[in-house]
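Visitor:
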Amino acid sequence: MKYIVFLLCIFISVSAFSQQETFDLITYTPPKGWKKEFKENVIGYSNVDNAKKTWCRISVYRSTASKGAIDQDFISEWNELVAKPYQITKAPQTSTTQDAAGWKIKGGSGTFVFNNSDAAVLLTTMSDNSRVVSITAMTNSQDYMPVIERFVEKVSLKKSTASNAGTKPAASSTTTPRATPVKSSYKFTTTNFDDGWVATEQADWVQVAKGNLKVLLHYPTNRIDVSSSDVKIIANNAWNILVAPRYSNLKNFKLTNGNLDYLRPMFMSGNVSDPSTGKVVYVVLFKRGESGWIEVVAPDKNTFVQAFGVDNDIIDNTVSMSIWEPLQKMAGYNRFGVAMSDLIGKWTNNFSGMTQYVNVYTGASAGMDTHSSAQVFVFSGNSYQWQISSASGFVGSIKFQGAKSNGQFKVPTNWQIYFSDIEAKPRTYDAYFSCIKGARILWLQDSAYPIGFTAYGRSE
């Protein structure tokens, strides 16, 4: 079954068709007679032809925070909505990017196996650099392609409020002074991002600043007591360790429970006096899932709300989980370039996983299945050695596999590493460093298959 990436006739205007529906930023015409399913962040339409044994599903997703560029947004959406849930490892076939009334539009397609038969998935991603909207279509038959095309062609988009809010003047025009980087053996301790944010490595956090806003990405620490099952207790512990010692005269402190979110968002704020400047500032401490503790320092609450769209006076259990995305996105600014001299030594991912099989009737162990793998890079001068080793199978009959190669490497840009031979062919990896206290993590991703970065730590 061959699928061609189709796109893109998106009309960026709201038309007055009686059968149209609107979900978040997107207006569309549902396929007639299809079954509709609604969840908090996605609306799905499905159809099954039992006689022909064919099916199709079209899903419209609630907008999320943009990563600042359509290519990054498309890769992120492909990974989260397609590659991970359907275990697709091959890079998608993509269309060229198109522009329409402030939105950039990109599409891609891939194949996967569902119920022992081939199926195709098509992703359309639309970004205005503030918000991202995506549509997926999955089917096992070409017969549904006209329906999918008509659905996409009749889509209308409106500008996101986040994009409009960004044009409003801030309450204060004071610019945050640029931080002095900590002394480091690594070449790059500052990153100037295209969207104006500047990241600087510090002793206990990465400072990210733009205009009159300062964001501190705190390094992981075991000083915070997280043993309680009460989110409020954990949040207060974090505030007392990370924030309180550096300020005085706390007023208007508020701890927000967030919403019914399995990632347990924690959001605290208050007005404090900053001894380093003598000014009163508005400070927020936030964490959701694996974001790490993120501290935001703003001249006042209004400036913070304009920048991140979160007002803790109106948050309740019904608020959408997407409200946290502009804040959570800040964790991605812990990113620094790579130089050849930074790589010298041994780096490994040290991944291991194990699954315990248990007899569902007796509860007795039915055997231990184990799978472990590790990749190692050893850099010296302009040469390298690479090795991957893995073990899988049941205890007592574990099978070992591996591969290795060596060659020359170079750094064509501060964000890529070229290897002359990985598994019998040259490869270029996207690369960057993130900081933790006293060390760095090297992140690598095969640029030909951008399905996610792997973390490596220096072991020698």
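Just so we're aligned, residue 397 is where the sequence shown starts under my numbering, counting upward by one.
For every residue, glycine included, the Cβ atom is placed at its ideal position computed from N, Cα and C.
Taking Y508 as part of the beta strand (DSSP E), name the residues at either end of that continuous run.
Guide: It is Phe, not Tyr, that sits at residue 508 in the sequence shown. First-last of the beta strand (DSSP E) with F508: W499 to F510.
Visitor: Find out if the Cβ-Cβ distance for the pair N588, T450 is shorter than 7 Å.
Guide: no
Visitor: Leaving out five residues on either side along the sequence, give the residues of the same chain with a beta carbon under 6 Å from the beta carbon of A694.
Guide: The answer, listed in chain order, is L609, Y678 and F700.
Visitor: How big is the Cα-Cα spacing for R823 and Y814?
Guide: In this model, R823 and Y814 are separated by some 6 Å (Cα to Cα).
Visitor: Less than 7 Å separating the beta-carbons of R453 and M534?
Guide: yes
Visitor: With a threshold of 7 Å on Cβ separation, who are the neighbours of L638 within its own chain once the five nearest residues in sequence on each side are excluded?
Guide: H614, L681, W689 and E691
Visitor: To the nearest angstrom, report how far apart F775 and T617 are at their CA atoms.
Guide: Whole-angstrom Cα-Cα distance: 30 Å.
Visitor: Return the residue from the list Q781, K486 and G506 that minimises the CA-CA distance to N802.
Guide: Q781
Visitor: Assuming A465 and P722 are in contact, meaning their beta carbons sit under 8 Å apart, how far apart are those beta carbons, in whole angstroms?
Guide: Contact doesn't hold; Cβ gap of about 16 Å is too wide.
Visitor: Pick from R660, L421, K821 and V676: whose alpha carbon is nearest that of W499?
Guide: L421
Visitor: Excluding five sequence neighbours on each side, which residues of the same chain lie with their C-beta closer than 8 Å to the C-beta of N810?
Guide: F584, G733, V734 and A735
Visitor: Cα separation between Y424 and I484?
Guide: 28 Å
Visitor: L518 to G504, Cα distance in whole Å?
Guide: 6 Å
Visitor: Please report how far the alpha carbon of K486 lies from the alpha carbon of T521, in whole angstroms.
Guide: 18 Å
Visitor: Cutting at 6 Å between CB atoms, please list the residues of its own chain near S893, excluding the five before and the five after it.
Guide: For the chain, the structure presents residues 397 to 856; residue 893 sits outside this window and is missing.
Visitor: Look up F663 in the DSSP assignment and give the residues it is bridged to.
Guide: T652 and F682
Visitor: Does E417 pass the burial test, meaning 16 or more other C-beta atoms within 10 Å, or should it be called exposed?
Guide: It counts as exposed.
Visitor: With distances taken Cα to Cα, identify the nearest neighbour of W743 among R854, Q415, W839 and A447.
Guide: R854
Visitor: Verify whether the separation of the beta carbon atoms of M664 and W635 is less than 7 Å.
Guide: Yes, Cβ-Cβ distance for M664 and W635 is below 7 Å.
Visitor: Taking just the CA atoms, how far does A799 sit from D817?
Guide: 12 Å
Visitor: Between the alpha carbons of F805 and R660, how many angstroms are there, rounded?
Guide: 43 Å
Visitor: Are the CB atoms of S669 and S644 within a distance shorter than 7 Å?
Guide: yes
Visitor: Measuring alpha carbon to alpha carbon, tell me which of Y482, D469 and N512 ends up nearest S523.
Guide: Answer by Cα proximity: D469.
Visitor: Measure the beta-carbon distance from D539 to K833 and round it to whole angstroms, keeping in mind my assumption that it falls under 8 Å.
Guide: At roughly 57 Å, the Cβ-Cβ gap does not stay under 8 Å, so D539 and K833 are not in contact.
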